[in-house]
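A short worksheet on the structure shown next.
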Amino acid sequence: MRAFLGIPYAAPPFGAGRFREPRPAAVWSGVRECREFGPVAPQSVQLPGMRPWAPGDEDVLTLSVWAPEGGGPRPVLLWIHGGAYAFGSSSQPDHDGTVLARAGLVVVGCNYRLGFEGFGQVPGRPANRGLLDQVAALRWIRENIEAFGGDPGNVTVAGQSAGAGSAVCLTAMEEARGLFHRVIAHSVPDDCGSPAAAAGITGRVAAAAGVEPTAEGLCSAAPEALLRASDVVARDWGADPASGALRHNTVLYGPVVDGAVLPGAPLSRPWDPGLDLLVCHTTEEWWLMRETGQALRVETVEELDRAAEELGLPAELPAGYRRLMPGADPGEVYTALLGDAVFAEHSRRVAEHHAAGGGRTYLACFDRRRVTPGGGRTRAWHCADVPFAFGTLDRPETAFLLGGPPDEADRALSHRMVRAWAGFAATGDPGWPRLAPDTAAPVRAWAVPEDGAAPAGTPFRALWRDAFPATG
Numbered sequence: 000m001r002a003f004l005g006i007p008y009a010a011p012p013f014g015a016g017r018f019r020e021p022r023p024a025a026v027w028s029g030v031r032e033c034r035e036f037g038p039v040a041p042q043s044v045q046l047p048g049m050r051p052w053a054p055g056d057e058d059v060l061t062l063s064v065w066a067p068e069g070g071g072p073r074p075v076l077l078w079i080h081g082g083a084y085a086f087g088s089s090s091q092p093d094h095d096g097t098v099l100a101r102a103g104l105v106v107v108g109c110n111y112r113l114g115f116e117g118f119g120q121v122p123g124r125p126a127n128r129g130l131l132d133q134v135a136a137l138r139w140i141r142e143n144i145e146a147f148g149g150d151p152g153n154v155t156v157a158g159q160s161a162g163a164g165s166a167v168c169l170t171a172m173e174e175a176r177g178l179f180h181r182v183i184a185h186s187v188p189d190d191c192g193s194p195a196a197a198a199g200i201t202g203r204v205a206a207a208a209g210v211e212p213t214a215e216g217l218c219s220a221a222p223e224a225l226l227r228a229s230d231v232v233a234r235d236w237g238a239d240p241a242s243g244a245l246r247h248n249t250v251l252y253g254p255v256v257d258g259a260v261l262p263g264a265p266l267s268r269p270w271d272p273g274l275d276l277l278v279c280h281t282t283e284e285w286w287l288m289r290e291t292g293q294a295l296r297v298e299t300v301e302e303l304d305r306a307a308e309e310l311g312l313p314a315e316l317p318a319g320y321r322r323l324m325p326g327a328d329p330g331e332v333y334t335a336l337l338g339d340a341v342f343a344e345h346s347r348r349v350a351e352h353h354a355a356g357g358g359r360t361y362l363a364c365f366d367r368r369r370v371t372p373g374g375g376r377t378r379a380w381h382c383a384d385v386p387f388a389f390g391t392l393d394r395p396e397t398a399f400l401l402g403g404p405p406d407e408a409d410r411a412l413s414h415r416m417v418r419a420w421a422g423f424a425a426t427g428d429p430g431w432p433r434l435a436p437d438t439a440a441p442v443r444a445w446a447v448p449e450d451g452a453a454p455a456g457t458p459f460r461a462l463w464r465d466a467f468p469a470t471g
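As structure tokens, then:
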């Protein structure tokens, strides 16, 4: 197995290229050493095992390739990392492509512009620059991956959270048409915004940075200044009781339905039925935010009902969750409700939308849990599925997500998930029945000790269908 790290796929997006579409990378002669990951995109978060961004790090549009030696052509998997469109990197230890490459894939992980640099609305400049970066990485794959043993005619785009949202948006983009053939989307967020909302965020960030909300004004602000300003705006929204839905999920940036780069939200458009789709979500998504102190504190039934109202959810939803969660306190009900509202329910509807259009679709849920020493609980929360799918359980940086070192049941589960990803990327079949329109086809339940079939319609699912019958 070979790894090539930090390959530029586009030019540094600063200077004259700031807030513009990606430009071709500079060519070089001779042999380029590719032994270290490239710099991460500007961000204010430092994740375990990932070097922080530093002012002056500009060559951020790089990718890395993990490839088996010999043979080929092999299926290609492009990994798009998550992180609320504001942080993260393909160099995170749990995103190492070694195990998936040993399973027969050529794995590519790419960095792309994040936060305001990638998704902030700038007058006169293209929207969704982070998505355009991902298209540039796909073009690099089409033009270069054969040299690494990959098949440019068999490319799967995979992502989790913001990476899954990106992958789903790529299906609606004309620039990406024909560059990939399958999609793996874990925990797809419901996060496509409008130009008006994006312009409002730009105004607030520009004010916090002390610049005008124009291309000239925003270009005059250093990346670190826009990072600080974005953090201030998100903090203020989270602390303001009058900010409505924004105080529950203070993600400032994401794809914008601008009518040009992104013509429409994925659920508003028919998908290409020739694209295969594998969707997965965890069963307790928002518990990660609660455990890490990012979730709003909800302590009473009145606060729970107010939260649902602010989120635009009908009153019968929190009431139904309380009925189906006897003994749970209002904070636990809120955590379950928000995880479904932001990730799980939207993920399922993405899968159903594709299946209804005739696409070959597979659905799974991740439900691995653990009781830790001392009586603590590690839940099937957001991001917990990623190290299992990559086979990176033994990296120390994943211990928090797993609740401690992996055991043999965990390793067996990881092996099954790696084989499912590899099989889907190779042939479009992960190993269980596809989702058919208007049927209760079984959903693969990734669990310990054995994987089983979970019904497509859970009690929580019925609540959502009753509350929003027009949307599926």
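Mapped onto my numbering, the consecutive letters of the sequence shown carry residue numbers 0 to 471. Every residue, glycine too, gets a C-beta built ideally from N, C-alpha and C.
- Under the DSSP assignment, PRO7 falls in the beta strand (DSSP E) whose first and last residues are 1-7.
- Shown here, VAL210 sits in coil according to DSSP, grouped into three states, outside any helix or strand.
- Counting along the chain, no beta strand (DSSP E) covers SER186, and no H or E run does either.
- Around the beta carbon of ALA383, 16 or more other beta carbons sit within 10 angstroms, so the residue counts as buried.
- CA-to-CA, the gap between MET49 and THR61 works out to about 15 Å.
- When the Cα atoms are used, ALA327 and LEU266 turn out to be separated by approximately 33 Å.
- In this structure ALA171 is buried. Its beta-carbon is surrounded by 16 or more other beta-carbon atoms within 10 angstroms.
- By the neighbour-count definition (other C-beta atoms within 10 Å, threshold 16), VAL260 is a buried residue.
- Annotation: the continuous alpha helix (DSSP H) that includes PRO329 extends over 329-338.
- By DSSP's assignment, GLY358 forms no beta bridge with any residue.
- As far as DSSP is concerned, LEU46 takes part in no beta bridge.
- DSSP places ASN143 in the helix class (H, G or I) of the three-state scheme.
- For TRP286, the enclosing alpha helix (DSSP H) stretches over residues 286-290.
- Apart from the 5 residues on each side of it in sequence, LEU462 sits with its Cβ closer than 8 Å to the Cβ of GLU315, LEU316, GLY319, TYR320 and LEU323 in its chain, given in chain order.
- Scanning GLU68, ASP271 and SER229 for the CA closest to the CA of VAL167 turns up ASP271.
- Contact annotation: the region 96-115 does not touch the region 190-197, with fewer than three C-beta pairs closer than 8 Å.
- A distance below 7 Å between beta-carbons, with the five flanking residues on each side excluded, links THR213 to the following residues of its chain, in chain order: PRO122.
- Around ALA435, the same chain offers ALA354 as residues with beta carbons nearer than 8 Å, after the five sequence neighbours per side are excluded.
- PRO222 sits close to PRO41, with the two beta carbons spaced by under 8 Å.
- Around the beta carbon of TRP52, 16 or more other beta carbons sit within 10 angstroms, so the residue counts as buried.
- In summary, GLY357 is exposed, with fewer than 16 beta-carbon neighbours lying within 10 Å of its beta-carbon over all protein chains present.
- Within the region 89-157, the runs of alpha helix (DSSP H) that reach at least 4 residues and sit entirely inside it are, in chain order, 97-101, 114-118 and 128-143.
- Within the same chain, and ignoring the five residues on either side of VAL210 in sequence, the residues whose Cβ sits closer than 7 Å to its Cβ are GLY216, LEU217, SER219 and ALA220.
- In the three-state reduction of the DSSP assignment, LEU316 falls in the helix class, which pools H, G and I.
- Residue ARG138 holds the alpha-carbon nearest to the alpha-carbon of PRO7 among PHE118, MET0, ARG138 and GLY87.
- DSSP, read as helix, strand or coil, puts LEU266 in helix.
- By alpha-carbon distance to LEU130, the top candidate from GLY164, ALA102, GLU449 and LEU99 is GLY164.
- Straight-line measurement puts the Cα of ALA335 at about 30 Å from the Cα of ARG181.
- Between the C-alpha atoms of THR201 and GLY87 there is a straight-line separation of about 22 Å.
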